[in-house]
Amino acid sequence: GENVEQHPSTLSVQEGDSAVIKCTYSDSASNYFPWYKQELGKRPQLIIDIRSNVGEKKDQRIAVTLNKTAKHFSLHITETQPEDSAVYFCAASWTGTSGSRLTFGEGTQLTVNP
Amino acid sequence: NAGVTQTPKFRILKIGQSMTLQCTQDMNHNYMYWYRQDPGMGLKLIYYSVGAGITDKGEVPNGYNVSRSTTEDFPLRLELAAPSQTSVYFCASSPQQGLRSTYEQYFGPGTRLTVT
């Protein structure tokens with residue numbers, strides 16, 4: 084199966100600074116890498132995803148980069164705002180005999196200080 | 091479109107009791123999943139289904155059972171509840187087609203379960 088490691092587990096930045104969260108995965112066949120944001124007491128919500136045929140994807144202040152050779156991918160948030168404070172999870176797809184599923188990292192608690 | 095709905099929102103069980111967590115989606119998604127999330131931790135896959143009548147185990151299936159008789163519904167059954175099953179349970183669905191394709195998962199609001 085897939086193993087996903089996520090770092091750091093906590094990250095504190097000043098408003099306006101950038102934040103970077105990194106994940107590594109073990110299965111070289113993984114082809115889909117989403118990032119979810121989870122606010123306290125809420126459900127996880129997709130913020131950006133990338134497929135293995137793309138090296139970088141950007142959506143306003145959020146970008147994700149993928150290095151297939153090194154088997155790692157990163158989330159970049161620029162010009163952070165207090166409302167970016169949440170737990171962020173990376174995930175990597177894994178395909179077994181019964182279809183594809185996601186393996187999640189353990190999460191990063193991001194705190195943006197005003 | 092209600093998306094993915096779960097009932098109940100909260101539940102307290104005594105050790106040894108049983109219950110069923112309900113999950114329904116109205117997006118005609120083939121794939122459905124059950125995860126548990128322990129405090130401060132990530133999401134662990136319990137069971138998943140690629141379509142009606144087909145289910146498979148995830149990372150942590152012990153103590154749980156599922157069924158998928160319709161596209162819309164994917165109930166999770168807890169038999170003989172134990173304190174270790176205290177967690178938040180999330181159901182999710184995905185529109186992916188085929189065994190190798192992967193698409194966004196849409197999550198329900200969760201069920202917070204306490205076993206005492």
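Read top to bottom, the protein sequences are chains A and B. First residue of the first sequence: 84, per the numbering used here; consecutive thereafter. First residue of the second sequence: 91, per the numbering used here; consecutive thereafter. Each residue gets a CB set at the ideal place from its N, CA and C atoms; glycine is no exception. Only a predicted model underlies this, so the values are computations on that prediction, with no experimental measurement involved.
Whole angstroms are fine: how far does the CA of residue j sit from the CA of residue i?
i              : j              : result
Q199 (chain A) : V96 (chain A)  : No answer is possible for residue 199 (chain A): it lies beyond the span of chain A, which begins at 84 and ends at 197.
I144 (chain B) : T178 (chain A) : 16 Å
V137 (chain A) : Q89 (chain A)  : 21 Å
D167 (chain A) : H155 (chain A) : 23 Å
Y121 (chain B) : T204 (chain B) : 27 Å
S113 (chain A) : V147 (chain A) : 16 Å
G141 (chain B) : L135 (chain B) : 17 Å
P173 (chain B) : E162 (chain A) : 43 Å
S177 (chain B) : Y154 (chain B) : 13 Å
Q112 (chain B) : S157 (chain B) : 11 Å
N86 (chain A)  : K105 (chain A) : 14 Å
K151 (chain A) : C173 (chain A) : 15 Å
P98 (chain B)  : Y125 (chain B) : 15 Å
E98 (chain A)  : Q192 (chain A) : 15 Å
I102 (chain B) : D146 (chain B) : 27 Å
T206 (chain B) : N91 (chain B)  : 36 Å
C181 (chain B) : N152 (chain B) : 17 Å
V150 (chain B) : S92 (chain A)  : 22 Å
G182 (chain A) : G106 (chain B) : 33 Å
G84 (chain A)  : T180 (chain A) : 11 Å
L158 (chain A) : Y123 (chain B) : 25 Å
So residue i and residue j are in contact, right, with Cβ under 8 Å, and what is the actual spacing, rounded?
i              : j              : result
A175 (chain A) : D132 (chain A) : At roughly 11 Å, the Cβ-Cβ gap does not stay under 8 Å, so A175 (chain A) and D132 (chain A) are not in contact.
P185 (chain B) : Y193 (chain B) : 5 Å
A102 (chain A) : I145 (chain A) : About 10 Å separates the two Cβ atoms, so there is no contact after all.
R134 (chain A) : Y115 (chain A) : 6 Å
R184 (chain A) : G200 (chain B) : Their Cβ separation, rounded to whole angstroms, is 19 Å, which puts R184 (chain A) and G200 (chain B) out of contact at 8 Å.
S139 (chain B) : F164 (chain B) : 6 Å
Check the Cβ-Cβ distances between residue i and every residue of chain D, and say whether any is below 9 Å.
i              : result
L129 (chain A) : The question asks about chain D, but that chain is absent: this structure's protein chains are A and B.
Checking 9 Å against the spacing of the C-beta atoms, do residue i and residue j come in under that value?
i              : j              : result
Y137 (chain B) : L170 (chain B) : no
F198 (chain A) : G132 (chain B) : In this structure chain A extends from 84 to 197, so residue 198 (chain A) is not present and cannot be described.
T95 (chain B)  : G198 (chain B) : yes
S159 (chain B) : H119 (chain B) : no
A169 (chain A) : E122 (chain A) : yes
L129 (chain A) : T194 (chain A) : no
G124 (chain A) : G130 (chain B) : no
E162 (chain B) : D116 (chain B) : yes
Could you check what DSSP says for residue i in three-state terms: helix, strand or coil?
i              : result
P117 (chain A) : strand
Q175 (chain B) : helix
V169 (chain B) : Note on residue identity: the sequence assigns Glu, not Val, to residue 169 (chain B). Reduced to three states, the DSSP call for E169 (chain B) is coil.
D142 (chain A) : strand
D128 (chain B) : coil
D116 (chain B) : coil
D146 (chain B) : strand
E166 (chain A) : helix
F164 (chain B) : coil
L123 (chain A) : coil
D100 (chain A) : coil
V137 (chain A) : coil
D110 (chain A) : coil
R158 (chain B) : coil
I102 (chain B) : strand
K134 (chain B) : strand
N86 (chain A)  : coil
Next item on the list: Pull out every residue of the stretch 131–161 of chain A whose Cβ sits closer than 8 Å to any Cβ of chain B, in chain order.
Entry: D132
Check: Using a Cβ cut-off of 9 Å, which residues of the stretch 122–136 of chain B contact any Cβ in chain A, in chain order?
Finding: Y123, Y125, Q127, G130, M131, G132, L133, K134, L135
Margin query: To be precise: take each residue of the stretch 165–187 of chain A, compare its Cβ to all Cβ atoms of chain B, and keep it if any distance is under 7 Å. Which residues remain?
Written below: Within the stretch 165–187 of chain A, the residues whose Cβ lies closer than 7 Å to some Cβ of chain B are F172, S176, T178, S181, G182, S183, R184, L185, F187, listed in chain order.
Check: Using Cβ-Cβ distances below 8 Å, what residues of the stretch 147–169 of chain B are close to chain A?
Finding: G148, E149
Note to self: Please list, in chain order, the residues of the stretch 97–127 of chain A that have any C-beta partner in chain B closer than 7 Å.
What the structure shows: N114, Y115, P117, R126, P127
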